[in-house]
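2 protein chains.
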Amino acid sequence: MTDSKATLIAQDIAEKIRHKQFKVGSFLPSENQLTKLYGTSRETVRKALEQLNSLGMIQKIQGKGSMVLDLGRYSFPISGIESFAELNKSLGMNAETKVLNLTKTKMLPGLFAEKFPQEKQNEGIYLERLRLLANEPAVLDCDFLFTPPIAELPLSAAQNSIYQYLENDLGLEVSYATKTITVEKATENLRRKLALENDMVVLVASRSFLSDTTPFQLTLSFHNPAKFKFVDFARRQNIKPQ
Amino acid sequence: MTDSKATLIAQDIAEKIRHKQFKVGSFLPSENQLTKLYGTSRETVRKALEQLNSLGMIQKIQGKGSMVLDLGRYSFPISGIESFAELNKSLGMNAETKVLNLTKTKMLPGLFAEKFPQEKQNEGIYLERLRLLANEPAVLDCDFLFTPPIAELPLSAAQNSIYQYLENDLGLEVSYATKTITVEKATENLRRKLALENDMVVLVASRSFLSDTTPFQLTLSFHNPAKFKFVDFARRQNIKPQ
DNA sequence: AAGTGGTCTAGACCACTTC
DNA sequence: AAGTGGTCTAGACCACTTT
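Here the protein sequences line up with chains H and B, keeping their order.
Numbered according to the numbering used here, the first sequence spans residues 4 to 245.
Numbered according to the numbering used here, the second sequence spans residues 4 to 245.
Below is the structure:
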């Protein structure tokens with residue numbers, strides 16, 4: 004899967020925004036200028052701008068141009084599909100991952116059966132990781148990776164980036180995820196592992212899918228409420244959700 | 004602002020998915036067939052499908068077709084930009100709104116000054132509403148609407164849908180919002196109004212903008228943790244956030 | 001009037017899946 | 001080989017903003 008011209012242009016513009024070559028509050032070069040700059044058609048430039056628009060990086064204003072928006076400095080957003088490793092790298096945080104458990108199983112662990120009641124898959128890999136920020140426990144990630152398509156998970160992949168292993172080594176195409184965020188009562192085990200001050204915990208439950216719509220991963224992320232922050236960008240829709 | 008052909012097609016397909024004319028797990032008619040059906044070019048059909056794709060309603064699979072996804076029956080999602088009134092209507096819930104306060108002010112209330120430290124605007128309308136679900140308090144919404152562009156807010160608009168009033172009566176174009184979700188310690192006032200069992204509350208803070216990038220609204224939504232649920236759909240990005 | 005973005009088209013060629 | 005989606009183009013016309 005090689006990136007399209009439109010995506011390459013979007014990445015280039017995003018990079019220039021990050022490097023302050025295009026400044027927040029100012030307008031990008033016009034679509035005609037970008038068309039000449041990148042040597043493509045205008046529709047291709049427009050597809051690139053549409054990607055940046057939907058990410059909240061620019062706002063298009065008819066008759067005027069495309070303004071660079073201020074996304075703010077997000078302290079650890081959980082929006083989108085990104086692994087902890089990717090976030091840590093791109094934000095340069097002092098984060099650490101401790102793998103607590105990595106085992107194959109032929110039965111869906113009870114924890115997952117409870118939170119994903121309609122789930123049928125039962126063979127897979129159970130993974131438990133504690134995430135530390137500034138040497139303090141912040142998140143307990145429990146993953147269940149489906150076998151197939153994932154037969155093995157090297158400890159190094161669990162330690163670093165699962166997604167990198169799935170995409171680069173196994174050639175799987177990670178595509179989308181559904182997530183829910185709720186607040187739950189913490190078990191004694193959780194209280195201890197996350198050093199919670201009271202018995203509440205934030206649960207981010209997600210089910211992730213490959214591009215052929217196969218589910219491949221369930222994740223239960225237990226966050227220390229005091230350290231939890233979810234950042235979102237949303238555009239007003241003219242299509243009602245299902 | 005009239006809808007484009009692509010948006011009309013997307014709305015039509017979404018409607019057909021909702022009415023089970025196109026079923027979850029099956030493929031939509033091919034792009035060529037849709038092109039004939041709607042009497043447009045293929046690119047226009049593709050723009051319609053892209054809208055449904057980004058909402059998580061379909062998944063495109065090369066060589067096969069566009070599969071209808073199961074979004075699940077979300078119990079009160081807070082994703083996207085939708086007003087409580089719109090959600091209530093589209094989901095047919097037993098919800099009620101009590102307007103507790105609606106006053107003009109020349110100073111940004113301290114509550115907002117604290118949660119949005121960089122905010123400069125000070126003249127506006129303060130609105131406080133309690134949302135009840137099944138006759139139990141679920142959310143306390145505190146809004147600050149900027150003057151200008153919003154000079155007045157009729158009680159009926161506060162009672163029903165603010166967005167409907169802004170878009171239909173004032174002709175404003177609501178475009179996007181940034182939100183953060185955190186867990187905070189509840190004040191005694193909040194404990195009482197939301198009938199909280201303990202002293203934690205979920206805070207959804209959002210800043211909303213018009214299509215010309217003017218901010219027009221700050222919202223602090225305090226949720227009873229026991230009734231809070233946030234549902235999200237996310238696609239894997241090939242562009243890094245800013 | 002000139003420049004900006006918004007929409008739409010008809011056609012081309014490619015990559016992937018299925019038969 | 002035929003059908004599917006993925007990409008890209010060159011051009012047209014419209015709506016809005018600015019001068």
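The C-beta atom is built at its ideal place from N, Cα and C for all residues, glycine as well.
Test item: CB-CB of residue i and residue j under 9 angstroms
i                  : j                  : result
Leu-105 of chain H : Glu-122 of chain H : no
Phe-147 of chain B : Leu-213 of chain B : no
Ile-64 of chain H  : Thr-5 of chain B   : no
Val-177 of chain H : Val-204 of chain H : no
Glu-139 of chain B : Lys-19 of chain B  : no
Ala-189 of chain B : Leu-173 of chain B : no
Tyr-179 of chain H : Ala-237 of chain B : yes
Ile-165 of chain B : Gly-127 of chain B : no
Gly-28 of chain B  : Val-71 of chain B  : yes
Leu-114 of chain H : Leu-223 of chain H : yes
Lys-232 of chain B : Ile-184 of chain H : yes
Leu-55 of chain B  : Ala-98 of chain B  : no
Tyr-8 of chain B   : Thr-47 of chain B  : Checking the sequence, you will find Lys at residue 8 of chain B rather than Tyr. Closer than 9 angstroms, so yes.
Lys-67 of chain H  : Phe-25 of chain H  : no
Pro-218 of chain H : Phe-149 of chain H : yes
Thr-100 of chain H : Asn-241 of chain B : no
Asn-201 of chain H : Asn-201 of chain B : yes
Tyr-168 of chain H : Cys-145 of chain H : no
Leu-206 of chain H : Lys-118 of chain H : yes
Ser-57 of chain H  : Ser-57 of chain B  : yes
Gln-124 of chain H : Leu-133 of chain H : no
Counted within 10 angstroms of its Cβ, other Cβ atoms place residue i as buried (16 or more) or exposed
i                  : result
Ser-82 of chain H  : Here Ser-82 of chain H scores only 49 on pLDDT, less than 50, and its place in the model should not be relied on; the value that follows carries that caveat. With 16 or more Cβ atoms within 10 Å of its Cβ, Ser-82 of chain H is classed as buried.
Arg-195 of chain B : exposed
Lys-182 of chain B : buried
Lys-50 of chain H  : buried
Asp-235 of chain B : buried
His-247 of chain H : Residue 247 of chain H is absent from the structure shown; chain H starts at 4 and stops at 245.
Pro-157 of chain B : exposed
Gly-59 of chain H  : buried
Arg-21 of chain H  : exposed
Ser-44 of chain H  : exposed
Leu-103 of chain H : exposed
Pro-120 of chain H : exposed
Asn-171 of chain H : exposed
Ala-116 of chain B : exposed
Leu-143 of chain H : buried
Leu-40 of chain B  : exposed
Lys-23 of chain B  : exposed
Ser-78 of chain B  : Its pLDDT being 45, under 50, Ser-78 of chain B is placed unreliably by the model, and the measurement read from it follows with that caveat. By the 10 Å Cβ count, Ser-78 of chain B comes out exposed.
Ser-33 of chain B  : exposed
Ser-211 of chain B : buried
Ser-159 of chain H : exposed
Residues sharing a beta bridge with residue i, DSSP
i                  : result
Met-70 of chain B  : B:Phe-30, B:Gln-62
His-22 of chain H  : Note: His-22 of chain H sits in no beta bridge, so no partner.
Gln-220 of chain H : H:Leu-148, H:Ser-211
Val-234 of chain H : B:Thr-183
Review point. Which whole runs of the alpha helix (DSSP H) in the segment 93–164 of chain B are 4 residues long or more, in chain order?
Key: 113–118, 158–162
Check your understanding: Which runs of the beta strand (DSSP E), 3 residues or longer, sit entirely within the segment 177–205 of chain B?
Key -> 177–188
Point to revise | Members of the segment 219–238 of chain B near chain H, C-beta cut-off 8 angstroms | key: Pro-228, Ala-229, Phe-231, Lys-232, Phe-233, Val-234, Asp-235, Phe-236, Ala-237, Arg-238
Exercise for review: Check each residue of the segment 13–38 of chain B: if its Cβ is closer than 8 angstroms to any Cβ of chain H, include it; give the result in chain order.
Suggested key: Ala-13, Gln-14, Ala-17, Ile-20, Arg-21
Practice item. Please name the residues in the segment 155–183 of chain B whose beta-carbon is closer than 8 angstroms to at least one beta-carbon of chain H, in chain order. Key: Val-177, Ser-178, Tyr-179, Ala-180, Thr-181, Lys-182, Thr-183
Check your understanding: What residues in the segment 40–63 of chain H bring their beta carbon closer than 9 angstroms to a beta carbon of chain B?
Key -> Glu-46, Glu-53, Gln-54, Leu-55, Ser-57, Leu-58, Gly-59, Met-60, Gln-62, Lys-63
Point to revise | Residues from the segment 129–152 of chain H in contact with chain B, defined by Cβ distance under 7 angstroms | key: none
Practice item. Quick one: which residues of the segment 99–123 of chain B get their C-beta closer than 7 angstroms to a C-beta of chain H? List them in chain order. Key: none
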